[in-house]
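Asks: If you count the sequence shown from 1, position 56 lands on 56 in full-length UniProt numbering, and the numbers rise without skipping.
For each residue, glycine too, the CB sits at the ideal point set by N, CA and C.
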Amino acid sequence: MLERFGPSMPKILTLCGSLRAASSNRTLLRAAEKIAPVGVVFEHFEGLGDLPHFNPDIEAGPLPAPVADLRARVDAADAILISCPEYARGIPGSFKNGLDWLVGGHELPGKPVALFNASPRASDAQAALRLVLTTMSARVVDEAHIAVALLAGNREADAVATDPELRPILERGLAALLAVIEPPQSG
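(1) Helix, strand or coil for residue 94, going by three-state DSSP, please let me know.
(2) What ranges does the alpha helix (DSSP H) occupy inside the region 19–59, keeping only unbroken runs of at least 4 residues that lie completely in it?
(3) Kindly give me the distance between the Cβ atoms of residue 113 and residue 31, rounded to whole angstroms, as I take these residues to be in contact under 8 Å.
(4) Using only the alpha-carbon positions, how far apart do residue 97 and residue 176 sit?
(5) So within the region 83–167, which uninterrupted beta strand (DSSP E) runs reach at least 3 residues, ignoring any that extend past its ends?
(6) Classify residue 33: buried if its beta carbon has 16 or more other beta carbons within 10 angstroms, exposed otherwise.
(7) Rank 42, 8, 82 and 137 by C-alpha distance to the C-alpha of residue 146 and give the top, closest one.
(8) Can you tell which of 163, 169, 25 and 179 has its C-alpha closest to the C-alpha of residue 86?
(9) Out of 179, 148, 155 and 62, which has the shortest C-alpha to C-alpha gap to residue 165?
(10) Does residue 77 come out as helix, strand or coil in the three-state DSSP assignment?
(11) Determine the closest residue to residue 172 out of 18, 60 and 35, with distance taken between C-alpha atoms.
(12) Based on the DSSP output, what are the partners of residue 15 in its beta bridges?
(13) Between residue 102 and residue 136, which are expected to be in contact by the criterion C-beta below 8 Å, what is the C-beta distance as a whole number of angstroms?
(14) Does residue 182 come out as helix, strand or coil in the three-state DSSP assignment?
(15) On the CB-based measure, 16 or more other CB atoms within 10 Å of its CB, does residue 202 come out buried or exposed?
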């Protein structure tokens with residue numbers, strides 16, 4: 001699969017919807033990186049908590065540094081991999097705020113996006129994410145959507161990546177995302 005990319009390997013930006021350091025969603029994203037084929041580049045955006053509250057008036061002038069950083073990373077990525085918790089049957093406010101900062105930019109439309117879910121019970125947030133992302137013209141890759149139950153245990157990414165039941169699910173979701181990334185055009 002990767003030979004179609006030549007020397008330019010696909011770059012996946014991960015966005016974790018949780019601000020918790022020990023988030024099961026962050027663990028899921030790190031586990032995906034560990035099982036990725038050699039050559040796939042992962043970048044983890046960790047600045048969600050640094051974003052100011054969304055204000056469209058700010059977009060008229062220079063963007064705050066954390067917002068400019070987020071947009072630049074989304075723009076440079078070939079695909080986005082999101083894992084987000086559900087709070088009160090919806091998207092956490094801090095994560096929705098991050099998505100709102102992308103609405104006025106050119107970076108997200110058409111970009112392939114996969115939704116990984118660390119709790120199969122969090123279906124309302126996943127549905128809300130799908131609605132928001134499609135409204136923003138992201139290319140939500142349904143075949144890449146996975147849901148696994150990580151909430152029951154406090155596991156490390158290595159343990160998730162090597163778990164005989166979880167690894168094939170992660171591989172399937174990641175393969176579906178990689179399959180829709182367009183190789184770079186030559187010349």
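Replies: With the given structure in hand:
(1) Translated into positions along the sequence shown, residue 94 becomes position 94. Residue state, collapsed to three classes: helix.
(2) 24–35
(3) Counted from its first residue, the sequence shown places residue 113 at position 113. Counted from its first residue, the sequence shown places residue 31 at position 31. Actually they are not in contact, since the Cβ atoms of residue 113 and residue 31 sit about 18 Å apart, beyond 8 Å.
(4) In the sequence shown, residue 97 corresponds to position 97, counting from 1. In the sequence shown, residue 176 corresponds to position 176, counting from 1. Straight-line measurement puts the Cα of residue 176 at about 27 Å from the Cα of residue 97.
(5) 112–117
(6) Counting from 1 along the sequence shown, the entry for residue 33 is found at position 33. Under this definition residue 33 is a buried residue.
(7) Here residue 146 refers to the residue found at position 146 of the sequence shown. That would be 82, whose Cα lies nearest to the Cα of residue 146.
(8) Position 86 of the sequence shown holds residue 86. The shortest C-alpha separation from residue 86 is found at 25.
(9) Within the sequence shown, the letter at position 165 stands for residue 165. When each option's Cα is compared against that of residue 165, the closest is 148.
(10) Mapped onto the sequence shown, residue 77 falls at position 77. Here residue 77 sits in coil by DSSP.
(11) Here residue 172 corresponds to residue number 172 of the sequence shown, with the count starting at 1. Here the closest residue by C-alpha is 35.
(12) Locating residue 15 in the sequence shown gives position 15, where the first residue counts as 1. Looking at the DSSP assignment, residue 15 forms a beta bridge with 45 and 82.
(13) In the sequence shown, residue 102 corresponds to position 102, counting from 1. In the sequence shown, residue 136 corresponds to position 136, counting from 1. So it is a contact: roughly 7 Å between Cβ atoms.
(14) Within the sequence shown, residue 182 is the residue found at index 182, counting from 1. If DSSP states are grouped into helix, strand and coil, residue 182 belongs with coil.
(15) An answer regarding residue 202 cannot be provided, because it is not within the stretch 1 to 187 covered by the chain.
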